[in-house]
Amino acid sequence: MKHFRISSTRLPSTGLMEIRSVSVGVVAIKSVSTGLYLAMSKKGSLFGSVKYNPSCKFKERIEENGYNTYASLRWKHGGRQMFVSLNGRGKPRRGHKARRRHPSTHFLPMLPS
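With the UniProt record's numbering, the residue at position 71 of the sequence shown is 71, and numbering never jumps.
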């Protein structure tokens, strides 16, 4: 299976992601511009996957502050969840480096305008 590197952009049209419900509390995240699914490796690295697979499933949680967090449903590191996380420059962080309460894991889903 071919994997693609995740990169960030400040352009709103290319940064648009579609969040699809897979089951109760579980979502798949897909890039509208590339058609790739967001996936997490066993080591916690984010990558783009052409095909939907178990590494593309994320547990969505709405936090007390109104933001959402996304943890890999398939992989854990030392018994702890691994979260989708971006650093201050918008680059992906490894899933095991982030915690649920850290702002780098908080996302605000919005409807496209």
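Where is the CB? At the ideal position from N, CA and C, for every residue including glycine.
Please report the straight-line C-alpha distance between L36 and K51, rounded to a whole angstrom. 7 Å
8 Å contact criterion, which G90 and K59 should meet: CB distance rounded: With 8 Å as the limit, G90 and K59 do not qualify as a contact, their Cβ atoms being about 23 Å apart.
Close Cβ partners of V68 (< 8 Å) along its chain, the five nearest in sequence each way excluded: Per the sequence shown, residue 68 should be read as Asn rather than Val. Answer for N68: E60, R61, I62, H106, F107, L108 and P109, listed in chain order.
Tell me L86's beta-bridge partners as DSSP assigns them. P92
Endpoints, the beta strand (DSSP E) within which R61 is located: Start and end: F58 to I62.
State the DSSP-derived secondary structure class of S113, mapped to helix, strand or coil. Taken through DSSP and simplified to helix, strand or coil, S113 comes out as coil.
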